[in-house]
Amino acid sequence: MISSKEKVLGILFPNSYDKVVPELTNLRSMASIPFASRYRIVDFVLSAMSHAGIDDIFILPNKNYNSLTDHLGSGREWDLVRKQGGLHIFPPYSTNASGFYNSRVEALAGIIDFLRRQKEEYILMADTNIACNYDFTDMIETHKASGADITIAYTTEEFPDCITRSETNDRGFYYCFEMDGSRITNILINLHNKGEHNFSHNVYILKRELLIDLINTGFLRGANSFERDILIPRLNELKVCGYEVKQYCARISDIKSYFDENMKLLDPKNLDALFAGASVYTKIRDDNPTSYHSCCKVSNIMAADGCSIRGEVENSILFRGVHVLEGAVVKNCILMQDTVVGQNAKLEYVITDKNVTISEGKELKGDADYPVYIDKRRTV
Amino acid sequence: MGKEMIAMLLAGGQGSRLYALTEKLAKPAVPFGGKYRIIDFPLSNCVNSDIDTVGILTQYQPLVLNEYIGNGQPWDLDRVYGGVHVLPPYQKAKGSDWYKGTANAIYQNISFIDRYDPKYVIILSGDQICKQDYSEFLAFHKAKNAEFSVSVMEVPWEDASRFGLMVADENDRITEFQEKPKNPKSNLASMGIYIFNWDILRKYLIDDENNPESSNDFGNDIIPSLLRDNRRMYAYHFSGYWKDVGTIPSLWEANMEVLHPEESGINLFDTNWKIFSRNSGYTGHTVAAGAVLDHTLITDGCRIAGKIKHSVLFAGVTVEAGAEIEDAVIMGGSVIKAGAKVKHCIVAENVTVGENAVVGAMPTETEKGVATIGNGVVIGAGAIVGPNAMVRDDVKEGETV
Chain A
1 MISSKEKVLG ILFPNSYDKV VPELTNLRSM ASIPFASRYR IVDFVLSAMS HAGIDDIFIL
61 PNKNYNSLTD HLGSGREWDL VRKQGGLHIF PPYSTNASGF YNSRVEALAG IIDFLRRQKE
121 EYILMADTNI ACNYDFTDMI ETHKASGADI TIAYTTEEFP DCITRSETND RGFYYCFEMD
181 GSRITNILIN LHNKGEHNFS HNVYILKREL LIDLINTGFL RGANSFERDI LIPRLNELKV
241 CGYEVKQYCA RISDIKSYFD ENMKLLDPKN LDALFAGASV YTKIRDDNPT SYHSCCKVSN
301 IMAADGCSIR GEVENSILFR GVHVLEGAVV KNCILMQDTV VGQNAKLEYV ITDKNVTISE
361 GKELKGDADY PVYIDKRRTV
Chain B
381 MGKEMIAMLL AGGQGSRLYA LTEKLAKPAV PFGGKYRIID FPLSNCVNSD IDTVGILTQY
441 QPLVLNEYIG NGQPWDLDRV YGGVHVLPPY QKAKGSDWYK GTANAIYQNI SFIDRYDPKY
501 VIILSGDQIC KQDYSEFLAF HKAKNAEFSV SVMEVPWEDA SRFGLMVADE NDRITEFQEK
561 PKNPKSNLAS MGIYIFNWDI LRKYLIDDEN NPESSNDFGN DIIPSLLRDN RRMYAYHFSG
621 YWKDVGTIPS LWEANMEVLH PEESGINLFD TNWKIFSRNS GYTGHTVAAG AVLDHTLITD
681 GCRIAGKIKH SVLFAGVTVE AGAEIEDAVI MGGSVIKAGA KVKHCIVAEN VTVGENAVVG
741 AMPTETEKGV ATIGNGVVIG AGAIVGPNAM VRDDVKEGET V
């Protein structure tokens with residue numbers, strides 16, 4: 001827990017990587033993508049903040065945030081209903097002069113007056129494309145001890161296929177660090193080289209006054225990207241350090257990685273690693289327990305409450321309220337909330353979004369490299 | 381502004397016939413149906429029936445119950461005016477008393493009820509499994525212009541003498557009350573759920589308290605007094621699922637009935653009448669390759685690798701590969717190790733059943749019982765717990781109980 005004298009303000013950007021999974025973000029933000037059978041991806045970073053004693057959090061969406069606001073409500077499930085602080089969602093705000101914002105810098109410039117009024121000494125800001133049980137207390141302590149101006153979380157990892165697979169730069173920026181000890185000496189954007197890199201999580205800790213200053217000067221000079229236009233030109237002048245995240249991370253970079261990161265949780269080692277330590281909070285739906293009927297056959301699955309299983313389910317992730325009827329066969333699938341798989345239907349490598357109905361006897365088959373995705377509320 | 385009706389929920393019962401399960405918690409806090417506790421049923425009925433003010437009268441081992449209820453948010457009972465209030469006995473200027481009986485418990489909280497100035501008060505019991513719409517019951521009470529109504533169930537005549545019975549005329553007006561009679565004149569059993577006009581109840585509670593002969597109980601004292609005074613008393617026929625889960629066999633049976641919603645009538649899957657509960661906070665459950673699930677309820681946090689038939693598992697239960705479970709109720713956080721056989725029994729919370737241990741047995745013609753393992757008990761590897769055993773202390777490796 002962080003001492004109350006030097007409180008930390010949390011800021012989340014729920015839309016920053018929307019473009020990498022256009023299928024899932026057509027009707028929602030990256031932050032509210034369903035993950036791991038009963039969570040939304042934002043639950044992980046939000047719970048980690050809450051566990052670290054960060055109880056004043058700003059959320060800065062810029063579009064498609066209906067499902068996010070519905071999910072977060074007042075923030076009660078994350079223990080974020082506070083008289084002082086709590087959860088604040090800032091819907092996009094525009095003056096005639098500025099128009100809606102498109103970047104991190106513009107988003108922060110839009111709330112600069114609020115940032116000035118806050119009392120916290122530090123700001124921790126993060127995107128919502130990674131599910132990880134961060135230890136923010138440790139990260140903040142490390143930041144303070146290092147004397148850095150800015151600390152950025154990263155993992156040293158083999159560059160994910162999905163990044164090198166992508167041929168264009170228009171799906172969002174990825175940042176890698178060249179480092180000297182813990183100090184970041186260079187930030188590379190959208191590297192395509194295979195191999196191990198220090199891959200940024202876009203989780204930043206810095207003093208509130210410094211952020212206000214950086215945004216003010218940056219905005220006036222037409223800065224757009226916080227990393228490209230503000231950080232990179234100042235790497236000599238500011239001490240920018242990396243903080244290596246040791247915890248298990250699931251990064252969503254395209255629909256295939258979404259599928260793989262869910263499936264990886266079927267391995268108990270990964271599941272225990274992701275949920276190690278403090279629990280992850282999410283919105284409660286008060287479903288009944290899941291019912292496995294006599295005629296069912298299940299193997300290697302993860303499921304939430306409220307499901308009813310009468311068919312055969314293998315290597316799959318089932319969200320709340322999924323019904324698999326008699327004779328249906330579901331293999332290597334992700335079935336989101338309230339999906340109904342009709343009698344004798346067969347699904348393989350399929351992702352169904354919420355409230356999808358697969359009619360009796362239908363057969364759909366994707367591939368491990370290319371899972372079939374079915375839109376929210378569709379009937380096949 | 382006064383409330384139309386508030387609820388007073390009697391939750392002080394020790395539940396002594398549940399032995400090992402209620403050593404450290406009150407009966408209403410006993411887990412039920414995979415992710416609920418008994419008290420979730422009356423509380424959920426209240427919110428689903430538009431009652432937003434509930435007083436919970438506690439006395440025996442209230443710790444778990446108090447923590448579970450908290451501010452009432454899981455049931456939507458965190459309200460600015462009203463909401464849920466836990467009411468333990470308290471010290472007064474003239475001294476302090478435990479709750480002497482059901483009526484005395486309400487008597488001691490007259491000032492709580494007065495604060496809401498209700499027209500009606502419904503008295504509920506915290507040890508029953510029942511889904512009931514109290515607003516329909518209230519509509520009946522009003523339509524009959526009653527001063528007192530009691531919810532009754534028709535029971536088989538041969539069982540009638542086990543219950544408090546209401547004898548009623550063709551208009552449902554109660555003419556006589558028989559408490560566990562040898563020769564029943566009626567088969568309408570009282571469910572222990574009453575609606576009173578608050579002015580009437582208030583008066584009778586005060587009169588009853590002033591009567592030194594009284595046992596301060598609704599069944600023994602208040603209802604007979606009302607009858608003597610020829611008050612307008614009516615019996616409301618309820619025909620849904622209702623079960624007093626005060627004994628180990630009835631608690632086990634009710635859990636098994638949850639597996640057969642159509643036959644038994646206890647449907648936890650009805651989205652229009654949800655039963656709310658405090659969430660466990662676990663992840664989704666997993667079922668490993670090689671596990672066999674047959675007619676079983678599983679909830680969050682379970683890790684299943686064994687073979688499970690016709691059972692109810694609560695949150696966070698681990699069943700290792702090679703374990704076999706049948707007709708069992710396994711409460712939260714328990715671990716069933718490889719090769720263990722757990723049958724026809726109730727295993728309470730945070731129990732460990734060691735490798736190759738045997739707990740309970742399927743009933744035979746000569747021996748039939750529901751084995752019960754108390755909270756936190758460790759059953760050693762290879763130990764055997766017989767079908768009628770009630771285990772409160774750890775069982776050593778290889779031992780037979």
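Residue numbers (the working numbering), protein chains in the order written: chain A, 1 to 380; chain B, 381 to 781.
Ideal Cβ placement from N, Cα and C applies to all residues, glycine included.
Keep in mind it's a predicted model, so treat the numbers as computed, not measured.
Opposite S531 of chain B in the DSSP bridges: which residues? Taking the second sequence and counting its residues from 1, the one referred to as residue 531 of chain B is at position 151. According to DSSP, S531 of chain B bridges with B:Y616.
Could you check whether the Cβ of I351 of chain A sits closer than 8 Å to any Cβ belonging to chain B? Here the question's residue 351 of chain A lines up with position 351 in the first sequence. Not one chain B Cβ lies under 8 Å of I351 of chain A.
Measure how close the beta-carbons of Y487 of chain B and I502 of chain B come, nearest whole angstrom, since I'm counting them as under 8 Å. For this step, residue 487 of chain B is matched to residue 107 along the second sequence. For this step, residue 502 of chain B is matched to residue 122 along the second sequence. Wrong, their Cβ atoms sit about 17 Å apart, outside the cutoff.
Give the DSSP bridge partners of V765 of chain B, in chain order. Translated into the one-based positions of the second sequence, residue 765 of chain B becomes position 385. DSSP output for V765 of chain B lists B:V739 as bridge partner(s).
For S541 of chain B and Q558 of chain B, what's the separation of their Cα atoms in angstroms? Counting from 1 along the second sequence, the entry for residue 541 of chain B is found at position 161. Counting from 1 along the second sequence, the entry for residue 558 of chain B is found at position 178. C-alpha of S541 of chain B to C-alpha of Q558 of chain B: approximately 9 Å in a straight line.
State the Cα-Cα distance for the pair E348 of chain A and T379 of chain A, rounded to the nearest angstrom. Here residue 348 of chain A refers to the residue found at position 348 of the first sequence. Here residue 379 of chain A refers to the residue found at position 379 of the first sequence. In a straight line, the C-alpha of E348 of chain A is about 17 Å away from that of T379 of chain A.
Within 8 Å (strictly less), CB to CB, does L648 of chain B reach chain A? On the second sequence, position 268 is the one that residue 648 of chain B refers to. Yes - at least one Cβ of chain A is within 8 Å of the one on L648 of chain B.
Looking at P92 of chain A: is its Cβ nearer than 8 Å to the Cβ of N62 of chain A? As a first step, residue 92 of chain A is located in the first sequence; it is residue number 92 there, counting from the start. As a first step, residue 62 of chain A is located in the first sequence; it is residue number 62 there, counting from the start. Contact flag set, yes.
Proximity test, Cβ basis, 8 Å: H640 of chain B and chain A: The residue you call residue 640 of chain B lines up with position 260 of the second sequence. At a cut-off of 8 Å between C-beta atoms, H640 of chain B does not count as an interface residue with respect to chain A.
Any heavy atom of the ligand FMN closer than 7 Å to the Cβ of K362 of chain A? As for the ligand FMN, it is missing from this structure, which has no ligand bound.
Are the stretch 48-60 of chain A and the stretch 367-374 of chain A in contact at 8 Å, needing three or more beta carbon pairs? Because the criterion of three Cβ pairs below 8 Å is not met, the stretch 48-60 of chain A and the stretch 367-374 of chain A do not touch.
Starting from T433 of chain B, follow the alpha helix (DSSP H) in both directions and report where the run begins and ends. Residue 433 of chain B sits at position 53 when you count from the first residue of the second sequence. Counting along the chain, T433 of chain B falls outside any alpha helix (DSSP H), though it belongs to the beta strand (DSSP E) covering 433-437.
Against chain B: residues of the stretch 21-49 of chain A by CB proximity under 9 Å: Within the stretch 21-49 of chain A, the residues whose Cβ lies closer than 9 Å to some Cβ of chain B are A36, S37, R38, Y39, listed in chain order.
State yes or no: is the beta carbon of A126 of chain A nearer than 8 Å to at least one beta carbon in chain B? Taking the first residue of the first sequence as 1, we reach residue 126 of chain A at position 126. No, no contact with chain B.
Of all the CB atoms in chain B, is at least one closer than 8 Å to the CB of C296 of chain A? Translated into positions along the first sequence, residue 296 of chain A becomes position 296. So, interface residue.
Go ahead and label N186 of chain A buried or exposed: buried means 16 or more other beta carbons lie within 10 angstroms of its beta carbon, across all protein chains shown. Stepping through the first sequence from its first residue, residue 186 of chain A is reached at position 186. Per the 10 Å Cβ criterion, exposed.
Buried or exposed for E158 of chain A, going by 16 or more other Cβ atoms inside 10 Å? Taking the first sequence and counting its residues from 1, the one referred to as residue 158 of chain A is at position 158. So E158 of chain A counts as exposed.
Starting from D430 of chain B, trace the alpha helix (DSSP H) in both directions and tell me its first and last residue. By one-based count along the second sequence, residue 430 of chain B stands at place 50. It is not in any alpha helix (DSSP H) - D430 of chain B carries neither H nor E in the DSSP assignment.
Does the beta-carbon of K723 of chain B have 16 or more other beta-carbons within 10 angstroms, so that it is buried, or is it exposed? Indexing the second sequence from 1 puts residue 723 of chain B at position 343. By the Cβ neighbour-count rule, K723 of chain B is buried, with 16 or more other Cβ atoms within 10 Å of its own.
Where H293 of chain A meets chain B, residues with beta-carbon distance less than 7 Å: As a working mapping, residue 293 of chain A is identified with position 293 in the first sequence. Neighbours of H293 of chain A on chain B, chain order: H675.
At a CB distance below 7 Å, what residues from the stretch 305-321 of chain A approach chain B? Give them in sequence order. Cβ contacts with chain B come from D305.
When we look at the beta-carbon of I586 of chain B and count the other beta-carbons within 10 Å, is it buried (16 or more) or exposed? Against the second sequence, residue 586 of chain B aligns to sequence position 206. Around the beta carbon of I586 of chain B, fewer than 16 other beta carbons lie within 10 angstroms, which makes this residue exposed.
contact_flag[the stretch 323-338 of chain A, the stretch 699-708 of chain B] where n(CB pairs < 8 Å) is 3 or more: The stretch 323-338 of chain A vs the stretch 699-708 of chain B: no contact.
Taking the straight line between their C-alpha atoms, what separation do you get for T394 of chain A and D18 of chain A? Because chain A here runs from 1 to 380, residue 394 of chain A falls outside it and cannot be looked at.
C-alpha gap between V530 of chain B and L398 of chain B, whole angstroms: Numbered from 1 along the second sequence, position 150 holds the residue referred to as residue 530 of chain B. Numbered from 1 along the second sequence, position 18 holds the residue referred to as residue 398 of chain B. Each residue's Cα considered, the two are about 27 Å apart.
Could you tell me whether any Cβ in chain B is nearer than 8 Å to the Cβ of S299 of chain A? Taking the first residue of the first sequence as 1, we reach residue 299 of chain A at position 299. Yes, its Cβ sits closer than 8 Å to a Cβ of chain B.
Which chain C residues are close to F656 of chain B, counting only those with a beta carbon under 7 Å from its beta carbon? The structure shown contains no chain C; the protein chains it does contain are A and B.
With respect to the alpha helix (DSSP H) encompassing Y204 of chain A, which residues constitute its N-terminal and C-terminal limits? Translated into positions along the first sequence, residue 204 of chain A becomes position 204. Here Y204 of chain A belongs to no alpha helix (DSSP H); instead the beta strand (DSSP E) covers 196-207.
For M820 of chain B, which residues does DSSP report across the bridge? Lying outside 381 to 781, the shown extent of chain B, residue 820 of chain B is not represented and no answer is given.
Using a beta-carbon distance cut-off of less than 7 Å, what residues from the stretch 460-485 of chain B approach chain A? Listed by position, the residues of the stretch 460-485 of chain B near chain A (Cβ gap below 7 Å) amount to none.
Can you check whether the CB of F136 of chain A is closer than 8 Å to the CB of V280 of chain A? As a working mapping, residue 280 of chain A is identified with position 280 in the first sequence. As a working mapping, residue 136 of chain A is identified with position 136 in the first sequence. In this structure, F136 of chain A does not lie closer than 8 Å to V280 of chain A by Cβ.
Please state whether DSSP places G544 of chain B in a helix, a strand or coil. The residue you call residue 544 of chain B lines up with position 164 of the second sequence. Looking at G544 of chain B - three-state DSSP - the assignment turns out to be strand.
Suppose the cutoff is 6 Å on Cβ atoms and the five residues either side in sequence are ignored; what does the same chain contact list for R251 of chain A look like? Counting from 1 along the first sequence, the entry for residue 251 of chain A is found at position 251. Within the same chain, R251 of chain A has close Cβ partners I130.
How would you call Y662 of chain B, buried or exposed, if buried means at least 16 neighbouring beta carbons within 10 angstroms? For the purposes of this step, residue 662 of chain B is taken as the residue at position 282 of the second sequence. By the neighbour-count criterion, in which a residue is buried when 16 or more other Cβ atoms sit within 10 angstroms of its Cβ, Y662 of chain B is buried.
When the cut-off is 8 Å and only beta carbons count, does N659 of chain B lie next to chain A? Sequence index remark: in the second sequence, residue 659 of chain B carries index 279 (1-based). Yes, its Cβ sits closer than 8 Å to a Cβ of chain A.
Considering only DSSP beta bridges, list what E775 of chain B is partnered with. Numbered from its first residue, the second sequence carries residue 775 of chain B at position 395. The amino acid at residue 775 of chain B is misidentified as Glu; the sequence shows Val. Note: V775 of chain B sits in a beta bridge opposite B:I759.
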